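In what follows, a single structure is set out as C-alpha cells and then discussed.
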Ligand code: ADP
Ligand code: MG
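The following block contains the structure:
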C-alpha cells in the first residue's frame, strides 16, 4: 500500500489530506465528489434572472478588488464567444487577482442577474472544455485545497490502484442487477462523461453499501439471538408504583405505556432490543429511570450511557434527586473522572455495591466488570455506532438494551434499517406545554439585541448558536467571533462552549451557565444533546440554513422548557434566498418532529453524494435513506439470502469481511 508522504509533492497538501483522514491512494479514490458542476455551455441566449449560466469567453478587463465590510469582492469584464458582454462578480476569491489573465479564454459558471447584466461567479476553469469533460466533480475540501488539484490526484490514484479494487457485492448479485464493475464505478464517479455514468456508478456503490449494512445488522442479530439471560421472576409496573408516586409529577399516558412495554420486554427470555423515540422534551429520561428502577427490583445492575460528559452529569444529578428516597446507589463514570476515583468505582461495580452507573463510553471500558448487568440505556442513541450491542455481548454482558433517540424515524424505515428493533414512542408532552415561537431574521437585525436584553432583564437565559462548518469556515460566525462580538456588548455575561475546549473549561462554562451566573452561552450544536436549563427562553441560531432541519428542531427544544414563552431566531444573511427561506419556514410552521425529519430528508437534492451526517440516521456515504428506500428493502432480502447460504463460495468472502468489520468496530470502542 502506498502512503501519504508520496501522495502529492506538496507537504502542505499532504498535511491537509492527513487532516481529512486520507492516507493512501485508496482513501483518495473513496473520497467521492460532493456534486458535479455542469460545464456544458448555455445555448439559449434568452437568459432569465437568476438562471445558472455557463459561458465561454475572454476576460477583457483586469480583475478589481472592492473590499467591503463583509467579504472581498472581485469584479471583471467578460466577453463571450458570441460577443456578448457581461460583468462578473466573485465573492471571497482573492486568489483570482493573481491567477486571472486578461485576454485569456475561460469557461465560467455563474448565476445571472438580469437587472445588472451581471454573472455571480460560481466557478471557472481555464480554456474550453470538451463535451466529455463537462461534468466537473466538486469535492468537499478544506478551503485552501484547490479542487482541481484534488481532481488530478484522484485521477492519478485511480491509476495507482487499478486492478486492486474489488466489489463486496457477490458476482451473483452484480449480474442479477447488471451492476458495472467496481473499478469502473469509482472511475465514473470521479470522471463522468455524462449523467448516466454517474447513475451507473451510484447504483453499484449504493447497493454495495446497503448490502453490507444489512448483512452487518443481520449478523449482529444472529449473534444476539444466541444470547439469553438468566430467567428472573417477571416483574410489572405495579411494583414500581411506590417509587412513581414519589416523583415530582404525574407520568403522561405515553410514558406509562412505554414503561409497560419495556418492562414486558424485559420479562422475556430473549434479550430486549428496543428504541424509545420521542421528541425533545417528551420525557424519555424519566421512563428510563423507572425501567432502571424495575431492573434494580429484579436484582440487576443498570447502566445509562450518554454521548457527552455534560449530559451524563446532568442525568446523574437528576437520578440522585429522584432516587433519594430509595436505597439505590448511583455512580458517575466519565472520561474526566480521576483515576483513583475510577478505580474505586470499578471495584464497587464489580462487587455489586453500585446499582446504577451513569456515564459516557467510559462505562464500557475494558476495565469495567459488572457483577450482574441487566439493563443498558443508551441516550441519544444516534450519536453512537450501530454496533454498541455486540460490543456489550463481546464483553460477556447479556443485558437488555434500551436506546433513546429524539430523532424521529418513520417506523417502516426504522424496521428496514434495524430489523428486529422494537419501538416505543412518546408522542405527547408532559403537562408543561411548550410555547416556542420561531422566526427568521436577517443576521444583522438589531432586534436580536433588543430581545437578548429583554431576556436578561427578566432573569432569563440565552443561547447563541454558531454553525458548525467542517471545512468552509465562515469566519464571521465562528463560535469565537460570535463570542467576541457578544462578550464585548455584554461584558461578564457571556460564556463560551465548544467541542475543541478542554474538559475543565467546558465544565466550567457549563456550570456557570447552569447556575445562571453567566446568562448567555455562545456555543455550537454540541448543546443539541439533552442539556436542560429551564430558564432559557431565547435562542439565536446564526446562519441557520447551514443546519439540517432536524438539528434545528432539536436545538430549539432546549428553550422554553418550563412552559413559558420562548423565541428561537434563525438568522440568514440573505432573506431573499427563496430556497433557504422556504426550507427554514418548515420549522416556523411545524412543531412535529416526524414531519420535520421527513421534510429534511426529502429536501436533500438528488445527485448529492454527501451523507446524512446531521440527520441522526446511521451515516451512509452514498445512500439517502428516504430516496433509496427501495434499495434498502432489496438489499435486506439479499442479505438474508446470503446468510442462509453463507457457505456458498461466492458469498464467503463478503460474510467473512463483514464479520471482521463488526469485530474491528468493537475493538475501536474498547
Ligand atoms: P427528553 O425526552 O428530551 O430526553 P427529558 O427526559 O429531558 O426529555 O424531559 C424533559 C423535561 O420534562 C425534564 O425537565 C423532565 O423533568 C420533565 N418531565 C418529564 N416527565 C414529566 C412529566 N410526566 N410531567 C412533567 N414534567 C416531566
Ligand atoms: Mg434526553
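Residue numbers (the working numbering): 2 to 671.
For each residue, glycine too, the CB sits at the ideal point set by N, CA and C.
As the structure is a prediction and not an experimental result, all values here were calculated from the model.
Inset, instruction - State yes or no: is the C-beta of residue 533 nearer than 7 Å to some heavy atom of the ligand ADP? - result: For the ligand ADP, at least one heavy atom lies less than 7 Å from the Cβ of residue 533.
Inset, instruction - Take residue 674 and list the residues in its own chain whose beta-carbon comes closer than 6 Å to its own, dropping the five residues that flank it on each side. - result: Because the chain is modelled from 2 through 671, residue 674 falls outside the range shown and cannot be assessed.
Inset, instruction - Identify whether residue 473 lies in helix, strand or coil by the three-state DSSP scheme. - result: With a pLDDT of only 42 at residue 473, under the threshold of 50, the placement of this residue in the model should not be trusted, and no figure is reported.
Inset, instruction - Flag this pair as yes or no: are the beta carbons of residue 522 and residue 219 separated by less than 8 Å? - result: No, Cβ-Cβ distance for residue 522 and residue 219 is not below 8 Å.
Inset, instruction - Could you pull out every unbroken alpha helix (DSSP H) segment of at least 4 residues lying fully inside the stretch 294-333, listed in chain order? - result: Runs found: 310-323.
Inset, instruction - Give the C-beta separation of residue 135 and residue 40 to the nearest angstrom, bearing in mind that I take them to be a contact with Cβ-Cβ under 8 Å. - result: Contact annotation, residue 135 with residue 40: C-beta distance approximately 4 Å; criterion of less than 8 Å satisfied.
Inset, instruction - Compute the minimum distance between the beta carbon of residue 675 and the heavy atoms of the ligand MG, and state whether it is under 7 Å. - result: For residue 675 there is no data in the structure shown, the boundaries of the chain being 2 and 671.
Inset, instruction - Answer yes or no: the CB of residue 262 versus the heavy atoms of the ligand SAM, is any distance below 7 Å? - result: Absent from the structure shown: the ligand SAM. Ligands present: the ligand ADP and the ligand MG.
Inset, instruction - Identify the continuous alpha helix (DSSP H) that holds residue 153 and give its terminal residues. - result: For residue 153, the enclosing alpha helix (DSSP H) covers residues 148-162.
Legend entry - Cβ-heavy atom distance, residue 76 to the ligand MG, below 7 Å: Not so, every heavy atom of the ligand MG lies at least 7 Å from the Cβ.
Legend entry - Supposed close pair residue 463, residue 570 - CB separation, criterion 8 Å: For a cut-off of 8 Å, the C-beta gap from residue 463 to residue 570 is around 10 Å, too long to register as a contact.
Inset, instruction - Express the C-alpha separation of residue 636 and residue 600 in angstroms, rounding to a whole number. - result: Rounded to the nearest angstrom, the two C-alpha atoms are 25 Å apart.
Inset, instruction - Consult DSSP for residue 271 and reduce its assignment to one of helix, strand or coil. - result: The answer is strand: DSSP assigns residue 271 an E or B state.
Legend entry - Separation of residue 374 from residue 483, as counted between CA atoms: C-alpha separation (whole angstroms): 45 Å.
Inset, instruction - Go ahead and label residue 207 buried or exposed: buried means 16 or more other beta carbons lie within 10 angstroms of its beta carbon, across all protein chains shown. - result: By the Cβ-count criterion, residue 207 is buried, with 16 or more other Cβ atoms from all chains shown falling within 10 Å of its own Cβ.
Legend entry - Proximity test, residue 309 beta-carbon vs the ligand MG heavy atom, cut-off 7 Å: Taking 7 Å as the cut-off, one finds no heavy atom of the ligand MG near enough to the beta carbon of residue 309.
Inset, instruction - May I have the straight-line CA-CA distance separating residue 467 from residue 155, to the nearest angstrom? - result: So the two alpha carbons sit approximately 33 Å from each other.
Legend entry - For residue 194, three-class secondary structure by DSSP: Coil.
Legend entry - Nearest neighbour of residue 86, chosen from 268, 30, 99, 118 [CA to CA]: The shortest Cα separation from residue 86 among 268, 30, 99, 118 belongs to 118.
Legend entry - Extent of the continuous beta strand (DSSP E) run through residue 119: It spans 119-127 - the beta strand (DSSP E) in which residue 119 sits, taken as one unbroken run.
Inset, instruction - Would you grab the beta carbon distance between residue 57 and residue 108 for me? Rounded to a whole angstrom, and I think it's under 8 Å. - result: Confirmed, about 5 Å.
Inset, instruction - Please state if the CB of residue 624 and the CB of residue 210 are separated by a distance shorter than 8 Å. - result: Taking a C-beta distance under 8 Å as the contact criterion, residue 210 and residue 624 qualify as a contact pair.
Legend entry - 8 Å Cβ cutoff met for residue 253 and residue 429: When the beta-carbon positions are compared, residue 253 and residue 429 come within less than 8 Å of each other.
Legend entry - Close Cβ partners of residue 103 (< 6 Å) along its chain, the five nearest in sequence each way excluded: Counting only Cβ-Cβ distances below 6 Å, and skipping sequence neighbours, we find 60, 63.
Inset, instruction - Note down, in chain order, each residue of its chain lying with its Cβ closer than 8 Å to the Cβ of residue 491, except the 5 sequence neighbours on either side. - result: Same-chain partners within the cutoff: 453, 457, 521.
Inset, instruction - Keeping to the same chain, check which residues put their C-beta closer than 6 Å to that of residue 443; ignore five residues upstream and five downstream. - result: Listed in chain order, the non-local C-beta contacts of residue 443 below 6 Å within the same chain comprise 576, local neighbours out to five positions each way being set aside.
Legend entry - For residue 366, three-class secondary structure by DSSP: Residue state for residue 366 is assigned as coil, using DSSP reduced to three classes.
Inset, instruction - Please name the residue, chosen from 147, 129, 79, that lies closest to residue 673 on a Cα-to-Cα basis. - result: Since the first residue of the chain shown is 2 and the last is 671, residue 673 is not available in this structure.
Inset, instruction - Taking residue 256 as the reference, give the member of 271, 267, 268, 278 with the closest Cα. - result: Nearest C-alpha to residue 256: 278.
Inset, instruction - Would you check if the distance between the CB atom of residue 597 and the CB atom of residue 591 is smaller than 8 Å? - result: Against a cut-off of 8 Å, the Cβ pair of residue 591 and residue 597 comes out as a contact.
Inset, instruction - Return yes when at least one heavy atom of the ligand ADP lies under 7 Å from the C-beta of residue 252, else no. - result: In this structure, residue 252 has its CB closer than 7 Å to one or more heavy atoms of the ligand ADP.
Inset, instruction - Mind the definition here: the stretch 325-339 touches the stretch 264-282 only if three or more C-beta pairs lie below 8 Å; say whether that holds. - result: The stretch 325-339, when compared against the stretch 264-282, does not touch it at the 8 Å Cβ threshold.
Inset, instruction - Please determine if the stretch 158-171 and the stretch 23-34 are in contact, where contact requires at least 3 C-beta pairs separated by less than 8 Å. - result: Touching, yes, given that three or more Cβ pairs across the two stretches are closer than 8 Å.
Legend entry - Top-ranked residue by Cα proximity to residue 293, from 96, 310, 244, 167: With respect to the C-alpha of residue 293, the residue from 96, 310, 244, 167 having the closest C-alpha is 244.
Legend entry - C-alpha distance - residue 440 paired with residue 585, whole-angstrom precision: Cα to Cα, the separation comes out at about 9 Å.
Inset, instruction - Please classify residue 571: does DSSP put it in a helix, a strand, or coil? - result: Reduced to three states, the DSSP call for residue 571 is strand.
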